[in-house]
Every structure is written in structure tokens, then in C-alpha cells.
Amino acid sequence: MATGMAAAIAKADAIRKASEAEKPKKETKKEAKLRKKKEREARRAARKAKKAGVDVGATKTFADDADLSSVEKGNAGKLTSEQARTAAVRAVTGVLSSKPEERDLKFDAFSLMVGGNHLVTDCSMNLNQGCRYGLIGANGSGKSNVLAALAQLDLPVPDHIDMYHLHEEAPATDQTGVEAVIAHVKEEVTKLEALAEHIAETSGPEDERLINIYERLDELDPSGSEPRARKILSGLGFCDRLIPMDRKTKHMSGGWRMRISLAKALFAAPSLLLLDEPTNHLDLEACVWLEEHLANYPKCLLLVSHSEDFLNAVCTHTIWLKPNPFHISEGVGSRGCTLKYYGGNYETFMKVTGEEERVQARAYEKQQADMEKLATFVRVNKANGKASSAKSKRRVLEKIQDEAVDKPMIREPSLVFRFPEMTRLPPPVMPFDKVSFSYSGKKEDYLYQDLSIAVDFDSRIALVGPNGCGKSTLLKLMTGELRPTEGTIKTAPKLRLGQYHQHSADVLDLDASPLAFMLKRFPPHTVPRGMGLPRSAENWSSYLTNFGFHRSNQTSPIGLLSDGQRSRLVFAMLAMNPCGVLLLDEPTNHLDIDAVGGLARAIKAFQGGVVLVSHDFRLIDLVAKEIWVCEKKGVTRFNGAIRDYKKILAKDMLKHRIMQRSFN
Ligand SMILES: Nc1ncnc2c1ncn2[C@@H]1O[C@H](COP(=O)(O)OP(=O)(O)OP(=O)(O)O)[C@@H](O)[C@H]1O
Ligand SMILES: [Mg+2]
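In my numbering, the protein residues as written are 1134 to 1797.
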């Protein structure tokens, strides 16, 4: 056996050398094809040998535990129970109209239904290599389902296209962060080798799909993989002082395991990378790093993100889930959407669609005026007995009516609300006096030391700083959930706080409908009068419309709502209680771009104090007047705007060389 392997390697080597020696100065096309074929055969032989246990030089970095039994794509087969439930009620149609051996994909007649509702109706989807697509659309329009339809092969994605779908955190196991990232690549290699063997056996070594697979296997060559994996993990915020990448994943929180999942995707760099809201668990630093990293992604990226900054920095194309024309009583998107393609990033998309809408509005107005004029002419001439001239003008009128442009769809804001205020209290309402805090209670573990700050009704603060520096801890000290280890926080007894954090949605009853849930949670006798807040089922329905819920999803179970729709419901709850200070920890997670704008308007109009932790540069830019940096066991005021802070972060990362490209 071993002799056989050695012979195979020797043969592979000999073929490569021979082909190199034979290579003429200037190859003809035919010769190049022949040479590539020989090289492929050589690589295949070498791989076979290696798989059988002979090390041909590559460093063996990972454990030998990969499963060869199934050839599945990336991580697509691993679904959470909620994703599996949605997959069971998803119906997708679509035909592959690009050539099966090509890497650029085109699907025609693509439609997608979930639970009997049309989300995407009869359109084409193009996904070309070298393009980075931003998939945008309102909350609940079906973005996550489009990604899942690709990843779970509801659409006929050819076998040789490798994918990674970022939709869940890495499992909690005994593997360290670094090991988990590298092990994923090993699984990929094993799957691809099995696939290559299968194709070679069934269709022969000439099959063109093998070219892609062998190229991909070369790319995934594990030699030198560990430093690359470490670089990606450090870019995503792992550092020895806080969360070391060598910590076992079972000792990491969900947010950090989500980063491991993201690191796996970036490390494997698949032909089709599907990222659903990748920045949700990241701090500003990691967002800046990821932005730069993905802006160089050389293959095909399909990205769902609600951050304008991020979409602008990363995307070369924008795909809009554009609502089909609908009846006003049904609500936006109730008749599904169509995929509409635009060249350029989100900023370009906004310019182009703005111009499109203006042109359409002008054409529509002119046409309405023409039709009005003709209708009057027909009416007057008919009344005056000039039937023949009335008839000819009616024909013209009918022709215009047949070719009429649609009334332009005005994109109304889908989140319109205000945070009600309580009576103003004199400052300071939340003074910190020499506050020190550590979770262990020990001095040497202090996260904050001798902190003297104050929040009042005029505060507009954005808290920034890397993950683990203590932003959420500071918010918990403000709410009283945590008590200072030393020092005091004398919060005004009458002060009422409005709070949003990443677990806010946990209070929702998934079996109830939004309407039933709100009626139960806020019985009429508990709702203050005179503030325009809902007190009857009728009022609740129009209240929920302002949060983007059209009639049908007001009455369907909350468990079937998209993530963004659930976040909107949390804001609907938050806006029911008058308060003096809003403490918002990552409030934009899951909200679509339009809703982030609605949230920004509500914060700006609020007359109380605001403390905000967010990775959304645009939101901070819109609402914050002060930027507080949590660092060195204290809080310092940054002298400048958030965009200046972003520039400093990017510069710092370049200085520390973690911004270098890691794709090759
Ligand atoms: N199991 C299900 N049964 C019925 N409808 C469902 C089910 N799961 C999801 N839906 C519906 O499908 C629609 C699209 O959901 P999806 O999560 O794809 O939207 P999205 O565009 O990703 O939204 P978001 O921006 O909030 O993430 C939503 O209106 C949701 O209510
Ligand atoms: Mg989604």
C-alpha cells in the first residue's frame, strides 16, 4: 500500500516536472489545456496519496475527525430548530440558466413563498464571481429566506460551488476558537475530495467541474493555515487579555461563538459567501476591520446588512427586494417583492432610485394632465354633437391609458413613533461618585476605577470602545442591575428609564399575535391618558401600523415574524412607557435601514437623556452629541465626531497590521 502511495507521489512529481520541462516558451491554447489537464491529474494523484495517510509536505494542523459520509455544502445542513421550521414551510422555484460547470450563477423564474405568503415573485437572480452584492429590503421582505434558499439548495446551485452561510453561532465544544476555524477547512477539504472522486468516477477526469474543485482544493491547502486563522480572529476582536482565541468554544458566549462562525467563513473564503447581518455582534473596531476585509473579497458575496456605512464600503452591486404594486389596504410588500439589480453601493442605489422616482413622477404627472385634457375634450365635443372628433380623441385617450406608467410608489417611512417623556427632573439625575467596579469584587479585576460621571435630561451620549471594555457593564450600573464595588450612584428616585438591550425580545410571547400580546401586556387601565397611547383594539391596530405591521402580520404569531419585525415590536413596547433617560444597547440589530432612520428621528425628538451603544456609525452620527470612550478603567470624552473616531480606528489597525488581506 505504502509503496503504491509513494509511486503515486513520484508519478505526480514526475508529471509536474515533465510538464514544466516540456513547457514551450509560448504555449498554444491546446498545449495549455493539455498541460493543465496533466497538472490536475498530478494533483489528484498526490491528494489521493495524502488522503491514504502519506504526508506530502503540508503541515497537519487539525484533528482527524471529519465526517466523510455526506457531501454537503459549507455549514448549510446545520439548522437551528427555528430555521428548520421555516425551511419546512418554504417553497422555492427557480431554474439554473447559467452553464452547470460555470462559477457565475443565473437563476430564472425564481419565486419564494413562506407559509403560503409570496415573498419573491418570478424574477431572475445573478450571482457573479468578483461581485459583492448587498441584498436590501424591508424587515420581513424575505432577505434571510433568499439566503437560506441558496444555502439549503432549494435553488439548484451546482455541486462544485462551495458556499458558507452565516446564520448561526459555532457550536459550544471542547475545540478552541483557532481549532474550530481550522477544522472547518478540513471538513471542506474532505467534502470536496469526496465530490471530486465521485465526479471523476461517474463522468470521467475530463469533466470541467473538476477544474473548479481542484483549484479550490489548492486554495484550501492547510499549510500555514494557523497564522492566517489567528489573524482573522484577532481582526474580529479576539485578544489574549479578554477573550483568547485559544479558549474552548464551550466557554465562549453566543456573541463570541458567532464571531467564530464568521471567522470560519472568512478563513474558508468560499466561492459563494452568504452573510446575514454579520455586524450584529461586533463592536465598532471589528466592524471597521470586517468592512476592510470584505471590501477585498475576490469571489462572490451576498450580504444582508442594515448598516449604510458597511454596505457602502463593501458592495459593488445592490439587489433590492422591491415591493410589487399592492393595494393600499394591504400594506407594503403584501404582494411579494421582485429582485431589482443596481450597479454600485448603497449610496449609488439611493441616488439612482431617487432619480428613477423623480423621472417616473414627472412622466406620471404629465400623463395625468394629458389624459385629463383629452377626457374634457371628448366630453365637450360629445355634448356639442361633434361625435367624430370626440371619437378620434377617445382613441388617443385609450392608447395613452393602455401605455400608462404606474403611479410612482412613494417610499413612506415604515417606523414612525416617538418616545414619550416623563416630567423633567433637575440635573444631575444619575451622578456617579468615584465608582469602581469588578465582577469578582477584587481590586485587581477593576473594569472601572474612580469613575465620576453624570447623565441628565440633556445628555446625548454614544459609548464606544472595544468589546469587553465594559460598555454594557456601565449601562447595567446605570440601571441598577449591577452595584458599584466602591463609590456611589445616586439615581434620582423619580427617574424612569427606557431600556433596550439584546435580550429585550425574550419577553415576547411567540405564540401570541402582536395585537393580542400588546392588548394583554398593556391593559387599558395601565395606559396613561392624554399622551395619544393606544387603549382599545382599534387604537392598537393603527399604533402597530406605525411600527411597520400591516393587518395580516398584526394577527399572525410572533414566532413567525422576522427578526427585524420582532425588534420593531420591542420598540412598540418601549414607546408605551414615558421615561426620562433612554439606555439603548445595540438598538439597530435587525432593524432595516429605513427603520434605523425612524429610530434616529424618535431619539432626536425625545426630550430626555440618551446613552447609546451602537456599531452603527450613521445612527451615532445622527443622534450623539458626545462620544465617551471606555478605556483604561475609565471613561474619556472623545474630542471630535464619530467619523473621526472611525478614521482613528482604521489607522490603528493598519499600524498593528491586522488589516492586511487574508484571502491568499
Ligand atoms: N415558519 C414561518 N411560517 C410563516 N411565515 C414565516 C415563517 N418564517 C418566516 N415567515 C415570514 O417570512 C417573512 C420573511 O422572513 P425573513 O426572515 O426572510 O425576512 P427578512 O427580510 O430577513 O427580515 P429581517 O430584515 O427582519 O431580518 C416574514 O414576514 C416572516 O413573518
Ligand atoms: Mg433577516
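Note that the Cβ used here is the ideal one computed from N, Cα and C, for glycine as well.
With a threshold of 7 Å (Cβ to nearest heavy atom), would D1727 be considered close to ligand 2? no
Please name the residue in T1612, I1622 and G1620 whose C-alpha comes closest to that of R1629. T1612
Quick one: is G1469 buried, meaning 16 or more other Cβ sit within 10 Å of its Cβ, or exposed? buried
S1438 CB to nearest heavy atom of ligand 2 below 7 Å: no
For D1237, the nearest candidate out of E1215, V1247, L1286 and H1293 (CA to CA): H1293
Quick one: measure Cβ to Cβ for Q1687 and L1643, integer angstroms, because I've assumed they're closer than 8 Å. Incorrect: roughly 15 Å between the Cβ atoms, too far for contact.
Below 6 Å CB to CB, which residues in the same chain sit around P1553 once its five sequence neighbours on both sides are set aside? M1664 and P1711
At a cut-off of 7 Å, would you count Q1285 as near ligand 1, judging by its Cβ distance to the nearest heavy atom? no
Is it the case that the CB of L1408 approaches a heavy atom of ligand 1 more closely than 7 Å? no
Going by beta carbon distance, what residues of the same chain come within less than 8 Å of T1486, once the five residues before and after it are set aside? Here the set comprises W1453 and Y1475.
Closest to S1231 by CA distance: which of D1241, V1225 and A1224 is it? D1241
P1403 and K1432: beta carbons closer than 8 Å? Taking 8 Å as the cut-off, the Cβ atoms of P1403 and K1432 count as close.
Indicate whether at least one CB of chain E lies closer than 8 Å to the CB of L1787. No chain E appears in this structure, which consists of one protein chain only.
Same chain, Cβ closer than 8 Å to Y1479, neighbours up to 5 away in sequence not counted: G1267, I1269, E1441, L1444, N1445, C1448, T1451 and I1726.
Any chance you could list the beta strand (DSSP E) runs of at least 3 consecutive residues sitting entirely within the segment 1750-1794, in chain order? 1759-1764 and 1767-1771
Where the beta strand (DSSP E) through H1298 begins and ends: M1296 to L1299
By Cβ distance, which residues of its chain are closer than 7 Å to V1103, with the 5 residues on each side in sequence left out? Limits of the chain in this structure are 1134 at one end and 1797 at the other, which puts residue 1103 out of reach.
Check whether the Cβ atoms of T1219 and V1253 lie closer than 8 Å to each other. no
Do L1407 and L1283 have their C-beta atoms closer together than 8 Å? yes
Does the distance from the CB of H1748 to the CB of C1420 come in under 8 Å? In terms of Cβ geometry, H1748 and C1420 form a close pair [threshold 8 Å].
Unbroken beta strand (DSSP E) runs of length 3 or more, entirely within the segment 1399-1458: which are they? Counting only runs of 3+ residues, the beta strand (DSSP E) found wholly inside the segment 1399-1458 occupies 1405-1409, 1433-1437 and 1450-1456, in chain order.
Let me confirm a value: S1695 is counted as buried when at least 16 other C-beta atoms fall within 10 Å, else exposed. Which label applies? With 16 or more other Cβ atoms from the protein chains shown falling within 10 Å of its own Cβ, S1695 counts as buried.
Residues sharing a beta bridge with Q1632, DSSP: According to DSSP, Q1632 bridges with L1716.
Sub-8 Å separation of A1303 and T1382 beta-carbons: Cβ distance < 8 Å, so A1303 and T1382 count as in contact.
Is D1696 near ligand 2, in the sense that its beta carbon is under 7 Å from a heavy atom of that ligand? yes
Assuming V1538 and Q1500 form a contact by the criterion Cβ under 8 Å, report the distance between their Cβ atoms to the nearest whole angstrom. Contact annotation, V1538 with Q1500: C-beta distance approximately 6 Å; criterion of less than 8 Å satisfied.
Using only alpha-carbon positions, find the residue among G1273, N1259, E1536 and K1575 that is nearest to S1689. Nearest option by C-alpha distance: G1273.
Between the C-alpha atoms of L1328 and N1413, what's the straight-line distance to the nearest angstrom? 34 Å
CA-CA distance, E1490 and G1603? Rounded to the nearest angstrom, the gap between the Cα atoms of E1490 and G1603 is 45 Å.
Can G1681 be considered in contact with ligand 1, in the sense that its beta carbon sits closer than 7 Å to one or more heavy atoms? no
Are the beta-carbon atoms of D1578 and Y1572 separated by less than 8 Å? yes
Distance check for L1752 and D1340, CA to CA, integer angstroms please. 51 Å
I need the straight-line Cα distance from K1784 to D1777, nearest angstrom please. 11 Å
Could you give the first and the last residue of the continuous alpha helix (DSSP H) run that contains R1821? This structure does not reach residue 1821, given that the chain is present from 1134 up to 1797, and the question cannot be answered.
Alpha-carbon spacing of K1519 relative to E1536, whole angstroms: 26 Å
Could you tell me if the beta carbon of V1247 falls within a distance shorter than 7 Å of some heavy atom in ligand 1? yes
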